[in-house]
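Keeping their order, the protein sequence lines are chains A and B. For what it's worth, my numbering labels the leading residue of the first sequence as 72, then goes sequentially. For what it's worth, my numbering labels the leading residue of the second sequence as 13, then goes sequentially. From the three backbone atoms N, C-alpha and C, an ideal C-beta is built for every residue, glycine too. Computed from a predicted model, the values in this text were never measured in an experiment. Encoded as C-alpha cells, the structure appears first; notes follow it.
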Amino acid sequence: MSKMTQVDPAANAQLFILQDQIHEPMHDRFLWATMMRRDAEAAAIPEWEELREIASKIKEHTLTHLDHYLEEFEANASKRGAHVHWALDAGEHNQIVYSILQDHGVKDLIKSKSMLQEECAMMPFLEKRGIKVIESDLGERIQQLDGQPPSHIVFPAIHKTRRDVAEVFARTIGTDPSDDDPHHLTELMRNNARPRFLAAGAGMTGGNFAIAETGTFMVCTNEGNADIGAAVPPLHIASIGIEKLIPRVEDMGVFLRLLSRSAEGTPLTQYSSHFTGPRRGGELHIVLVDNGRSRRLGMPDFWHSLKCIRCGACMNTCPVYRRSGGLAYGATYSGPIGVILDPTFDEFKYSELPFHSTLCGSCSDVCPVKIDISDQILKWRRVMAKKGYLPLAKRLSFAVAGHVFGHPAEYRAMENVAEPAMDYAPHFLLYNRTMNPWGRDRELPQLAKETFREWYLANRSENANVQQ
Amino acid sequence: MTTLTQAANGKAFSRDMKIGLFIPCYIDMVYPEVGIATLELLERFGLNVGFPLNQTCCGQPMSNSGDEANAAAAERLFIENFSGYDCIVGPAGSCVKQVRCHFDSMEQTDDVKHVRQHTYELVEFLHDVLKVDSFPWAEFPHSVAIHNSCSSIRGLGIAKPSEIMGAPFNKTEALLSRVKHLVLVPVDRPDDCCGFGGTFCVTDEAVSARMGIEKAHDHLRHGAEYVVSPDMSCLMHQQGVARRAELDLKYIHVAQVLNGGPF
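Structure follows, in C-alpha cells:
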C-alpha cells in the first residue's frame, strides 16, 4: 500500500485556497448564490418536502425491484426499435461503444456530458483507438480542452474564472488571450465546434431517467447539446447506469419538478428530451451499465446512494466543497455524493475522502431524493477506521484518548498536568502532538486557571459529597 | 427526532426530578464559566441538579472519526455516570447529539436507552421541557449574532435548517429575544457551517480556517458585538480565527447571557 495512491483532499483543497484571492471566493460565492436560488424555488412549492419523500420512495421501490424494471425497460425499448446492450463494468461499456462505432465506420463522435462515461474513462479509451471525440457541453468542452476531468456534476468548469477559460481557448483553439468576455468566448467555441458537430458520424448521450413502462429515456440539458448529438448524426448511443430506472412516465412529474430546482434553482432545464426508439432513418443503441452498482445495492449501509439523480445540490450546499473545488477530491464524483460513491470504486485510494467533511448535515437535508449522505460519510469513516486507514497520528492519539476518557483518574491526572503546561488544550485538538495546524490561522484557546470540576468542588461541596 | 413527550416516556416533567449536569471535557477545561452559568441557571428554576464527578468525555472525537473501538470506554463511562438521573442536561449541542444519535456501538440496555432518550441540550431543555418564557434577571445591552451549530440545527432540531422547507423556528432566538436590551442581528449565512467540525479543524486546517474567517466577517458586517451560541466548540474555533485576524468580536455561550454571567 503506497501512500502515493491515496488522494489527499485536504492538501489539494489547501492548494485551491492558497493559489490566489480570486478562485476560491468566486467558487464559493457562485455556488452559494445557486443555493439561494434553489431555496427560493423550493420554497415556492408548498409540497416540496412531500415531493422529496415521494421521489425517495419511488427510487427505493425501483431499486428493490430493479431486475423487474430493467427487463421491462429492455423489452419496451427493444419493441420501439432500440438496441439494448448490457455492460457489467467500464471495460465492457467502452468495448461495446467501440464495436458499435467500428461497425458503422465512425471516426468522429460528438458526445454530451455524461458522468457515467467519465466514470468509465470512455474518452481516452476511444481516442487511443483513433476515434475523435468532441464534447458538446460548453463547460465539459472547456475541461476536455484543458485535459481536466469535470470538477462539478452540473457545472464542470465552475472552478475556472473567465480569464482561465480565455487562456485555455487561446492555447487550444487560437483565440485572443486578452478577450475574456463570456459571450465572445461562447460564440468563439460555437463557431469552432459547430462544423465538427455537423460532421460527426455518431452522437452519444447519457440519460437522466430511464422509464420502464415505455422504454423511454430522458436527457436534461440547458444548452440543447444532447439534442444536436441525438438529432444530427444517424447513430445515437446512450450510456445509462442501471440505477436510473423509474417505473412509469407519470413519475417524471415528481422528478422533473425536483431536478432543476435542486441543481440550479431554475424550474426546469431548458431541454427535457424524451427518446423512445430511434428517430426515422436513424439507429439507437442503449448501453445499460452496472460498473459496481449491483454490488453497491448489496451494501446495507450504502445502497441508498443509488437513489442519486446527479443534481449536484449537495455539492452547492457543502461548505467544504465550496472551499475546495471539485478537483481536490481526485475522483469522478466530488463533493458529498462523491465522498460516499468514490470509496465503492476504490476504498484505499479514496479513504481520506470521508474525513473531508465537517458532518454539518446540510447535504442530507438538501438532497431531493433524501439520501442520508451525512450519515453515510460517518459510516464510511467507520469502514476506514476498521480497515486501519485512519492517519497514524489520529490512530495513536485516539488509542490514548480512548483509554484516558474511559478512566476518570487518568483523565484528572492529564488535566492536572495540562493546566500548568498550557500546551495540552482539549485532547482532541492535540492528537498530533503539535498545535501547528490549529495555530496557523488561529490563536490558541486559553486554558482556565480552575476547571469547572474544581469550581464545583469548592462551591457546591455539599452536593458533591452526595453525588460521590 | 426525539420529542420531549417521547423523551419523558409518558412521565410528565416535574421540578423535583433529578437532573444530571453534563459538562463536556473542553468546557470543563477551557470554559468553566459556561458550566457555572449553566448550573446557576438551572438552579434558578429550583431544579435538583447533580454533577457526577467521574465524567470525562462523551467519546465524540473518536466516534466522529469512525473510531468506535476507542470511543467505547468513554461511552460506557457516560452511561455509568448518568443512568441514575431522570434528565441529563449539557450546554453543548454536538456532545448531546453524540449521546442521543450515536451511542449505538454498545449494547442497547435499558440504562443506555434511558440516557439516550433523556439527554438534552440546554436550549431545548429550557425551551421545550421547562418552557421558560422569561429571564427577569438577565440584561444584555449588546448586538448579538446567533450561531447555532450544525449538530444543534440538523442533529437536534433547535432551528429550522435553511434547506428544509416549512415554517421557520429558532429556539435559541426565542430564548434570547426574552433578554432585556439584547438586539439580535441577522446574518447572511446563519446556518452555513463555521468549519470547526471537531478533528476536521486540524486535519483540514486550510478549509476550516477559511470557513471560520468568512463566518467572522459575516458577523462583523452586520454589526454584531457578540456571537452567542449553544455550542462553545464552534466558538472556540471562531474565536481563534477572529483573534488572529484581530477582529473585534466577542464569543460567549447562550447560558452566560440567559443567566446574566459569569462572563
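Checklist entry - In this structure, what does DSSP give as the bridge partners for Ser155 (chain B)? => result B:Val195
Item to check | Burial state of Arg100 (chain A) (16 or more Cβ within 10 Å) | outcome: exposed
Checklist entry - Under the DSSP definition of a beta bridge, which residues are partnered with Cys99 (chain B)? => result B:Ile31
Checklist entry - Do you know how far the Cα of Asp79 (chain A) is from the Cα of Leu424 (chain A)? => result 8 Å
Checklist entry - Can you list, in chain order, the stretches of the alpha helix (DSSP H) that have 4 or more residues and sit fully within the region 120–150 of chain B? => result 122–129
Next on the checklist: So for Asp91 (chain A), helix, strand or coil by DSSP?
Outcome noted: coil
Item to check | Whole-Å CB distance - Ile181 (chain A) paired with Phe268 (chain A), under 8 Å assumed | outcome: 5 Å
Checklist entry - Start and end of the beta strand (DSSP E) containing Phe208 (chain B)? => result Looking at the DSSP string, Phe208 (chain B) is not in any beta strand (DSSP E), and its letter there is neither H nor E.
Next on the checklist: I need the straight-line Cα distance from Lys30 (chain B) to Val101 (chain B), nearest angstrom please.
Outcome noted: 11 Å
Item to check | Ala519 (chain A) versus Ile88 (chain A): straight-line alpha-carbon distance, rounded | outcome: 34 Å
Checklist entry - Between the region 404–432 of chain A and chain B, which residues of the former have a C-beta closer than 8 Å to a C-beta of the latter? => result Pro425, Phe426, His427, Ser428, Thr429, Leu430, Cys431 and Gly432
Checklist entry - In angstroms, rounded to a whole number, what distance separates the CA positions of Ala228 (chain B) and Leu515 (chain A)? => result 17 Å
Next on the checklist: Is Glu143 (chain A) close to chain B? Criterion is C-beta to C-beta, closer than 8 Å.
Outcome noted: no
Item to check | Within chain A, partners of Asn160 (chain B) - CB distance below 7 Å | outcome: Going along chain A, no residue has its Cβ under 7 Å from Asn160 (chain B), so there is no contact; the nearest lies around 11 Å.
Item to check | Residue from A:Met186, A:Lys184, A:Ile171 and A:Gly218 with nearest C-alpha to Ile43 (chain A) | outcome: Chain A is shown only over 72 to 539; residue 43 (chain A) falls outside these bounds and no answer can be derived.
Checklist entry - Where do the ends of the beta strand (DSSP E) carrying Ala273 (chain A) lie? => result Ala273 to Thr276
Next on the checklist: On the criterion of 16 or more Cβ atoms from any shown chain inside 10 Å, does Glu521 (chain A) qualify as buried, or is it exposed?
Outcome noted: exposed
Checklist entry - My guess is that Val10 (chain B) and Leu196 (chain B) are in contact by the Cβ rule of under 8 Å, so how many angstroms apart are they, rounded? => result Look at the range of chain B in this structure, 13 to 275, and you will see that residue 10 (chain B) is not part of it.
Checklist entry - Is DSSP giving Ile205 (chain A) helix, strand or coil here? => result strand
Item to check | Proximity of Phe523 (chain A) and Ile35 (chain B) at Cβ, strictly below 8 Å | outcome: yes
Checklist entry - If we count the other Cβ atoms within 10 Å of its Cβ and call it buried at 16 or more, is Arg504 (chain A) buried or exposed? => result Interpretation of Arg504 (chain A) is limited by its pLDDT of 42, a score under 50 that renders its predicted location unreliable; the figure taken from the coordinates is listed afterwards. Exposed.
Checklist entry - Taking Cβ positions only, does Ala402 (chain A) come closer than 8 Å to chain B? => result no
Item to check | Candidates B:Ile225, B:Asn160 and B:Cys107: closest to Asp260 (chain B) by CA position | outcome: B:Ile225
Checklist entry - Roughly how many whole angstroms lie between the Cα atoms of Trp149 (chain B) and Ala267 (chain B)? => result 13 Å
Next on the checklist: Check whether the region 116–129 of chain A and the region 247–256 of chain A touch, using three or more Cβ-Cβ pairs below 8 Å as the test.
Outcome noted: no
Next on the checklist: Using 8 Å for Cβ pairs, my map puts Asn271 (chain B) next to Ala86 (chain B). What's the rounded Cβ distance?
Outcome noted: Contact doesn't hold; Cβ gap of about 28 Å is too wide.
Checklist entry - Just how far apart, CA to CA, sit Leu194 (chain B) and Val239 (chain A)? => result 54 Å
Checklist entry - Buried or exposed: Asp417 (chain A), going by 16 or more other Cβ atoms within 10 Å of its Cβ? => result exposed
Checklist entry - Contact check, Gln49 (chain A) vs Ser422 (chain A) under 8 Å by CB: the rounded distance? => result With chain A running from 72 to 539 in the structure shown, residue 49 (chain A) is simply not present.
Checklist entry - Can you name, in chain order, every residue of its own chain whose Cβ lies under 7 Å from the Cβ of Gly426 (chain A), other than the five neighbours on each side? => result The amino acid at residue 426 (chain A) is misidentified as Gly; the sequence shows Phe. These residues qualify, in order along the chain: Arg452.
Checklist entry - Can a CB atom of chain B be found closer than 8 Å to the CB of Thr522 (chain A)? => result yes
Checklist entry - Quick one: does Ile48 (chain B) have its CB under 8 Å from some CB of chain A? => result yes
Checklist entry - Would the beta-carbon of Leu316 (chain A) fall within 8 Å of that of Thr133 (chain A)? => result yes
Next on the checklist: Along the chain, where does the alpha helix (DSSP H) containing Ser220 (chain B) start, and where does it finish?
Outcome noted: Glu217 to Arg233
Checklist entry - Is the Cβ of Leu65 (chain B) closer than 8 Å to any Cβ of chain A? => result yes
Next on the checklist: Quick check: what's the CA-CA separation for Tyr342 (chain A) versus Leu209 (chain A)?
Outcome noted: 15 Å
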